[in-house]
Structures are given as structure tokens and as C-alpha cells.
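Asks: Let me begin by handing over the structure; questions about it come next.
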Amino acid sequence: MEVHGNPLGESARDEASQLALVRRFEPVIRYVRGELFFPMSVEDYLMPSRLVAGSTKNLDVLADRGHLTPYSLAALGRAHSSRSLSIQHVESPLSRAAYASWRRRPDRERFRASSRFAAVGMPSRLIDVGLRLTLLLRGRVPGGFTAAAHQAYARSEHHERPHYYAHVTTDGGYTILQYWYLYAMNDFRSTFGGVNDHEGDWEQVTIYLVPEASAEGGYRAAWIAASSHDEVGDDLRRRWDDPDLTLVGDHPVIFAGAGSHSASFLQGEYVIGQPLPLPPWISRVTRPLTDSADSKLLRIPYIDYKRGDGRCIGEGGDRAWTAVLVDESTPWVTEYPGLWGLDTEDPFGGERAPAGPRFNRDGTVRQSWASPLAWSGLDKVPATAAEATQHITRIRDGLAQRAAEAHRSLEDRREVLRGAYAAERALGIPVATPGPHVAELDREVEVLRREAVQVSELLAGTERALATPIPEDPPHAHLRHRAVPLAVTELGQGRLLRVWAAASASLVLLVLGILMLNDAATVEALLLLAGGMIVIESVLRRRFIQLVVGAAVLALAVVVVWAVASIVLGNLQQGFGVLLILGAIYLGVSTLREAAR
476 MEVHGNPLGE SARDEASQLA LVRRFEPVIR YVRGELFFPM SVEDYLMPSR
526 LVAGSTKNLD VLADRGHLTP YSLAALGRAH SSRSLSIQHV ESPLSRAAYA
576 SWRRRPDRER FRASSRFAAV GMPSRLIDVG LRLTLLLRGR VPGGFTAAAH
626 QAYARSEHHE RPHYYAHVTT DGGYTILQYW YLYAMNDFRS TFGGVNDHEG
676 DWEQVTIYLV PEASAEGGYR AAWIAASSHD EVGDDLRRRW DDPDLTLVGD
726 HPVIFAGAGS HSASFLQGEY VIGQPLPLPP WISRVTRPLT DSADSKLLRI
776 PYIDYKRGDG RCIGEGGDRA WTAVLVDEST PWVTEYPGLW GLDTEDPFGG
826 ERAPAGPRFN RDGTVRQSWA SPLAWSGLDK VPATAAEATQ HITRIRDGLA
876 QRAAEAHRSL EDRREVLRGA YAAERALGIP VATPGPHVAE LDREVEVLRR
926 EAVQVSELLA GTERALATPI PEDPPHAHLR HRAVPLAVTE LGQGRLLRVW
976 AAASASLVLL VLGILMLNDA ATVEALLLLA GGMIVIESVL RRRFIQLVVG
1026 AAVLALAVVV VWAVASIVLG NLQQGFGVLL ILGAIYLGVS TLREAAR
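Residue numbers for the sequence shown follow the working numbering, so the first one is 476 and each next one is one higher.
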């Protein structure tokens, strides 16, 4: 056991009991065959690294390689908290010859990629070309960094002892176990064809426990959440009885993405949507359109491989975990707000290293660290049925008080209305046309009556809720977007489709270039090119019939719109004539279908 800090929990007040909880539920992580980096210790990551401040053009070395430790990192972070800080792990990328030798190493695990281009459409492929070109202008992790980082990782003292850093807290009736994992490198782009590389990588899994006297240790697991691509809020978490979740005893199984290390609960390959790198002012405008997990607008698809066919760490796996407890008093966690890797100064952030478990890149505190319930959408979910009943009881008592007050107000105002009404009758004012004072009082009484009825209905609802057990929702009821891996048919493994998917974007650009050089880029030529590409794509994807049917429906819609427009514009004879012909075709087809039955 290792302890960094002195964590305290409401029901687990000493390190031994916290460690027992952490160990009991620690996740099993299954990696992809070909994965290069596994969770490592902070000490091993810092030992060959140096700490720098400032920009790449004006760097100030605060701690040189071989002298950086968790304690010196915390001290320097505290002393230079107002500066831009980053840890540079790799001294320099490998040369071309050394990189080639590293790739030929005999112990290298081979990774076979799917064709991500075959899994997505033509527009995404063309946009991807532009994204790749932007890397030439943006700050990015230089080539050969992955190889150098892997060699440094292989030389580290404890690389065969995978570590995690556990943060234990209590909030809202839950005891929360956070497991933080440090990787030397995210090599999603360079090794696995993904969207970005960055030095250093922090990922996490969070398990939410609730008290239960009959369970081992007085706790049972209720929910689990994990950092993942494309998911936010409620979509991050699964209930402990969710069929998507695999358990080894009390240990949940997590499938880590190849190079990206993002988590999923189901084994397979996922299409993730990477937002286009846009200037901040444009991102602010488009954020409402792109934040939804269901939105594909301005997103480029990539395949995140979570096959689980490689190394397994945890219960029953190839390696066991080394657990380290941390909390708000752990110096390197709370006093170093800088980046845990090379700061490429990429203005879009994708190739910059992350900050540590507690911080975002801008120095603010991560929501997942400070408010893990809000991070996964659990603020609104009572920890236990007994707690839910207590909440409903409090609501019932409050409604009962409101109902009594509403009825008293209604009775009081009605007495005033009746007195004013009697006075007007005594004054000879006609009953059918009451004066303005009585009319206003009548409206007030009606408003109070509606309020009293509404509160009474709510009160009756809470009484019914308390009289019957609270029903349990299906495991997926809280999900807006359930992340599932691609089906086999969606992976595009057909040879012709794979070849076409890989070559089509280049082919389109080549043909467009030739047309423009020959002044032949006419509207007709562009439409012919687009139509030809669509037909070839639909044939290879076995969707040609769908294409024909869709084109026919579109053509019919165009004809109908044209006919209606003709009528509106005054050409009644032509418009009605077209509509009558379409009606005759429809009736004829219907008659033939009836006759064929």
C-alpha cells in the first residue's frame, strides 16, 4: 500500500478501510493487442522528465531531468502557480533510423486496423483531409515521440507494476471511489490512426457506493462512470446491474481504447465524432449544435478500438494493480496546476498534454474531481430507496402546509367577495353586470381555487407514491445516447470497399484538380462526378436499391412541389394536370397491389 496524503471519508475514516474498499471494487482493464502504454507511477513518469515554464520560444527550466519528484513538483508548482507550467517527459524524438529500428523490434505486437474510412461516408473523408493538413500549421507532437516515450516507459523501474491513484470521498449519500490512471503517452493518432497524439494522459473510472447493512463491509456498488469519448453527464454512467457491464466478482471490466485509453463498457470498435478544430469564437457559436452526443454536425468520425484482446490488468488478469491513495492534502495533486506532458501550444487543444487529476488545462478544478455526482448526472438520483422516501415525505409535508395555506387564503378571499357582492345587490347594481371591484375579487378567487386544486392534486400524488414501492427504472432509462460498438456489417471489411474507402477521397481531389486545370469544372461535370461517386459507394455498401428508391422519392417530391408552385403562380391547368397524372399512377399501383393479394 502507498498513501499520498491522508484521505478521510464519512464511513471510512482510516487508510486501511479506504484501501479495502478501493481494492474490493478496483476495475479490471482490458487493452487492445498492440497497446504500448499502461498505467504507471507518478515517480516513474517524473524521474526522466523536466519541469519548464513559459512558451516554447522562451522556456525556463525549473527542474532538470533526474531531479523531478512528486514533492519538488508540488513545491515548484506552488512557487510558480501564475506561470504556464508543463512537464516534458521525452527528451527528444527518435531519429529516422532509430525509429525504423524500434518498429522492427522482435517483441512488437501487431495491430490490424479496420478501415475507418469504410465505416464513414465520403464527406467525412474529405473533411479529414483538411484536418490532417491543419496539423502542419498547428502545434503537434513531433514524429518519433511515441517511440521515444515507449522506450522511456520500458526503462522505468516499475513499468511491470501498473498503478492507479484512488480518491475516496462522500457526497449526497454516496461513497465515491475514483480511480485515476497515468499513461506516458496518448498515441491514438500515430499508432492507431486516430485524431490526436499528446504526451501524458490521465483517465479515470468512478464507482458510486451506497450503504447496505447486508452487503460485505456495509456497502454495495450502485453506479459506475468512466471518462469516454462523445459522452457527457448521464451517458457516462451505468447502473451496477446493467447488462452492458461485465463483472469479475465485484470488479467491473473496462475496455480501454487503443492509444486513447478512453473507457467503454462493451467490447468492440466504436465510431467517435471528433469536433472540427475551429477558432474559439466560432466554437462558442456552434457549441449548442455540437455538444449533443447525438449531433454529428461538424464532427469527423474515427474508430476507437476497444477490442479487449490484449493485456488484462486486475483481478484474474496478466498483472495486478498497485494502489495509491490520494486526496486534497496530496501535494502533487493539489499544488501543481500545470500540464503533465509536452505543451505543443496547439490552439485547438487536441495535441496538448492534459493537466492532472484535479485540474483542467486552464487551472480551474475539474468537475469530475470536485463534483463527481454532478459530473455523471447523479445529483438528482437519491442514493437509496429509503432516502428517496425521505425526500418524498419532506415534499408531502411541504405540500400539505401549502395546501392548508391555499385553502385558508381561498376561504378568506371568498368571504370578501361575498360581502362585496351582497353590498352591490343592496345598492341595486344588476347581478348580471357586477361592478369592477366584484369582478376583480371574482378573478382572484378563481386563481386561488386553481392553485388550491393543483396543490391538492400534487399532495395526493405524493401520498400515492408513499403508499406504493418506488418502481425501479430499466437500466438504460437514464441514457440519451447509449454507446455501442459497430456491428460486423458496419466495419466495412469487404476488400473492394476497403480499397475504395482508402482511395476515394484522394481520387475526388485528383479529379477536381484536373478539371480545374483544364477549365472543365462546370456545374454539369461536378454533378456527374458527385453522382458517380454516390453510385459507386452505394453499390459497394450494398445500398444501391435504397439509393434508387430514395432518388425516386426525391424526384416525386420535386414534381409535387413544382406542380403546387405552378398552381400558386397561376398556371392552374398545368399544375392540376400534373397532380391528376400522379393521382392516376398512385391509384393504378394501388389497384395492382390489391389484385395481387
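We put the beta carbon where it would ideally sit given N, CA and C, even for glycine.
Report the rounded CA-to-CA distance for residue 732 versus residue 819, giving the unit in angstroms.
Replies: Locating residue 732 in the sequence shown gives position 257, counting from the first residue. Locating residue 819 in the sequence shown gives position 344, counting from the first residue. Between residue 732 and residue 819, the C-alpha separation is close to 23 angstroms.
Asks: Quick one, are the C-beta atoms of residue 694 and residue 675 less than 9 angstroms apart?
Replies: Reading the sequence shown from its first residue, position 219 is the one you call residue 694. Reading the sequence shown from its first residue, position 200 is the one you call residue 675. Against a cut-off of 9 angstroms, the Cβ pair of residue 675 and residue 694 comes out as no contact.
Asks: Decide if residue 515 is buried, meaning its Cβ has at least 16 other Cβ atoms within 10 Å, or exposed.
Replies: Taking the sequence shown and counting its residues from 1, the one referred to as residue 515 is at position 40. So residue 515 counts as buried.
Asks: Of the choices 881, 880, 909, 878, whose alpha-carbon is the least far from that of residue 893?
Replies: The residue given as residue 893 occupies position 418 in the sequence shown. Comparing Cα positions, the closest option is 909.
Asks: With distances taken from CA atoms, which of 513, 937, 1033 is nearest residue 871?
Replies: Along the sequence shown, one-based indexing puts residue 871 at 396. For residue 871, the nearest C-alpha among the options comes from 937.
Asks: Taking all protein chains shown into account, decide if residue 1051 is buried (16 or more other Cβ within 10 angstroms of its Cβ) or exposed.
Replies: Residue mapping note: residue 1051 aligns to position 576 of the sequence shown, counting from 1. Exposed: under 16 other Cβ atoms inside 10 Å.
Asks: Since residue 672 contacts residue 620 with CB under 8 angstroms, what's their CB separation in whole angstroms?
Replies: As a position in the sequence shown, residue 672 is number 197, starting the count at 1. As a position in the sequence shown, residue 620 is number 145, starting the count at 1. Sure, about 7 angstroms apart at Cβ, within 8 angstroms.
Asks: Give the DSSP bridge partners of residue 639, in chain order.
Replies: Along the sequence shown, read from residue 1 onward, the residue named residue 639 stands at position 164. In DSSP, residue 639 forms a bridge with 798.
Asks: Report all residues from its chain with a CB closer than 8 angstroms to the CB of residue 866; omit the five preceding and five following residues, and keep chain order.
Replies: Within the sequence shown, residue 866 is the residue found at index 391, counting from 1. Contacts found: 857.
Asks: Relative to the alpha-carbon of residue 583, which residue among 1063, 511, 807, 947 has its alpha-carbon at the smallest distance?
Replies: Locating residue 583 in the sequence shown gives position 108, counting from the first residue. Measuring from the Cα of residue 583, the nearest candidate turns out to be 511.
Asks: Are three or more beta carbon pairs between the stretch 529-537 and the stretch 681-692 nearer than 8 angstroms?
Replies: Too few Cβ pairs lie closer than 8 angstroms, so no.
Asks: Residues in the same chain with beta-carbon distance under 7 angstroms from residue 549, minus the five sequence neighbours each way, listed in chain order, please.
Replies: To locate residue 549, count along the sequence shown from 1; it is residue 74. Within the same chain, residue 549 has close Cβ partners 806, 807, 810, 811.
Asks: I need the straight-line Cα distance from residue 494 to residue 798, nearest angstrom please.
Replies: On the sequence shown, position 19 is the one that residue 494 refers to. On the sequence shown, position 323 is the one that residue 798 refers to. Near 8 angstroms, if we compare the C-alpha coordinates of residue 798 and residue 494.
Asks: Just the C-alpha distance for residue 1096 and residue 779, rounded to the nearest angstrom, thanks.
Replies: With the chain running from 476 to 1072 in the structure shown, residue 1096 is simply not present.
Asks: Just to confirm before moving on: does the CB-CB distance between residue 989 and residue 789 stay below 9 angstroms?
Replies: As a working note, residue 989 is residue 514 in the sequence shown. As a working note, residue 789 is residue 314 in the sequence shown. Not closer than 9 angstroms, so no.
Asks: Just to confirm the assignment, what range does the alpha helix (DSSP H) spanning residue 675 have?
Replies: Locating residue 675 in the sequence shown gives position 200, counting from the first residue. No alpha helix (DSSP H) holds residue 675; the beta strand (DSSP E) holding it covers 673-686.
Asks: Given residue 1080, which residues of its chain have a CB within under 8 angstroms of its CB, disregarding the five upstream and five downstream residues?
Replies: Limits of the chain in this structure are 476 at one end and 1072 at the other, which puts residue 1080 out of reach.
Asks: Report buried or exposed for residue 968, applying the criterion of at least 16 other Cβ atoms within 10 angstroms of its Cβ.
Replies: Residue 968 sits at position 493 when you count from the first residue of the sequence shown. Residue confidence for residue 968 is low, a pLDDT of 49 falling below 50, so the modelled location carries little weight; the figure read from the coordinates is stated next. So residue 968 ends up on the exposed side.
Asks: Among 827, 934, 895, 841, which one has its Cα closest to the Cα of residue 873?
Replies: The count along the sequence shown starts at 1 and reaches residue 873 at position 398. Closest option to residue 873, Cα to Cα, is 934.
Asks: Please look up how many angstroms separate the CB atoms of residue 710 and residue 955, rounded, as I've assumed it's under 8 angstroms.
Replies: On the sequence shown, position 235 is the one that residue 710 refers to. On the sequence shown, position 480 is the one that residue 955 refers to. 6 angstroms between Cβ atoms; contact.
Asks: Tell me the DSSP secondary structure of residue 545 in three-state form.
Replies: Your numbering for residue 545 matches position 70 in the sequence shown. It is helical.
Asks: Label residue 594 either buried or exposed according to how many other C-beta atoms from any shown protein chain fall within 10 Å of its C-beta, with 16 as the threshold for buried.
Replies: Taking the first residue of the sequence shown as 1, we reach residue 594 at position 119. Residue confidence is low: residue 594 scores 49 on pLDDT, short of 50, so the model does not pin down where it sits. Its coordinate-derived value is still stated next. Flag for residue 594 reads buried.
Asks: Give the range of the alpha helix (DSSP H) segment to which residue 842 is assigned.
Replies: The sequence position of residue 842 within the sequence shown is 367, counting from 1. Its alpha helix (DSSP H) spans residues 842-845.
Asks: Quick one: what's got a C-beta closer than 7 angstroms to residue 875's C-beta in the same chain, skipping five residues either side?
Replies: For the purposes of this step, residue 875 is taken as the residue at position 400 of the sequence shown. Same-chain partners within the cutoff: 934.
Asks: Can you check whether the CB of residue 781 is closer than 9 angstroms to the CB of residue 502?
Replies: The count along the sequence shown starts at 1 and reaches residue 502 at position 27. The count along the sequence shown starts at 1 and reaches residue 781 at position 306. Against a cut-off of 9 angstroms, the Cβ pair of residue 781 and residue 502 comes out as no contact.
Asks: Would you check if the distance between the CB atom of residue 829 and the CB atom of residue 816 is smaller than 9 angstroms?
Replies: Position 354 of the sequence shown, counted from the start, is the residue given in the question as residue 829. Position 341 of the sequence shown, counted from the start, is the residue given in the question as residue 816. Yes. Within cutoff.
Asks: Does the structure place the stretch 555-574 close enough to the stretch 635-650 that three or more beta carbon pairs sit under 8 angstroms?
Replies: No, the stretch 635-650 is not in contact with the stretch 555-574.
Asks: What three-state label does DSSP hand residue 819 in the structure shown?
Replies: In the sequence shown, counting from the first residue as 1, residue 819 sits at position 344. Coil, per DSSP.
Asks: Classify residue 806 as helix, strand or coil using the three-state DSSP reduction.
Replies: Residue numbering aside, residue 806 sits at position 331 when the sequence shown is read from its first letter. The answer is helix: DSSP assigns residue 806 an H, G or I state.
Asks: Which residue marks the beginning of the alpha helix (DSSP H) containing residue 867, and which one marks its end?
Replies: As a first step, residue 867 must be located in the sequence shown, where it is residue number 392. Note, residue 867: alpha helix (DSSP H), 860-901.
Asks: Could you pull the start and end residues of the beta strand (DSSP E) that residue 506 belongs to?
Replies: As a first step, residue 506 must be located in the sequence shown, where it is residue number 31. That residue, residue 506, is in no beta strand (DSSP E); it is neither H nor E in DSSP.
Asks: Helix, strand or coil for residue 908 per DSSP?
Replies: The residue labelled residue 908 in the question sits at position 433 within the sequence shown. DSSP places residue 908 in coil when its eight states are reduced to three.
Asks: Can you give the beta carbon distance from residue 700 to residue 712, rounded, assuming they're within the 8 angstroms contact cut?
Replies: On the sequence shown, position 225 is the one that residue 700 refers to. On the sequence shown, position 237 is the one that residue 712 refers to. Between residue 712 and residue 700 the Cβ distance is about 4 angstroms, and since that is below 8 angstroms, they are a contact.
Asks: Apart from the five residues on each side of it in sequence, which residues of its chain come closer than 8 angstroms, Cβ to Cβ, to residue 1067?
Replies: Counting from 1 along the sequence shown, the entry for residue 1067 is found at position 592. Closer than 8 angstroms at the Cβ level, and outside the excluded window around residue 1067, lies no residue.
Asks: What span of residues does the beta strand (DSSP E) with residue 851 cover, start to end?
Replies: Along the sequence shown, read from residue 1 onward, the residue named residue 851 stands at position 376. First-last for residue 851: undefined, no H or E at that position.
Asks: Roughly how many angstroms separate the alpha carbons of residue 537 and residue 555, rounded to a whole number?
Replies: The residue you call residue 537 lines up with position 62 of the sequence shown. The residue you call residue 555 lines up with position 80 of the sequence shown. Each residue's Cα considered, the two are about 9 angstroms apart.
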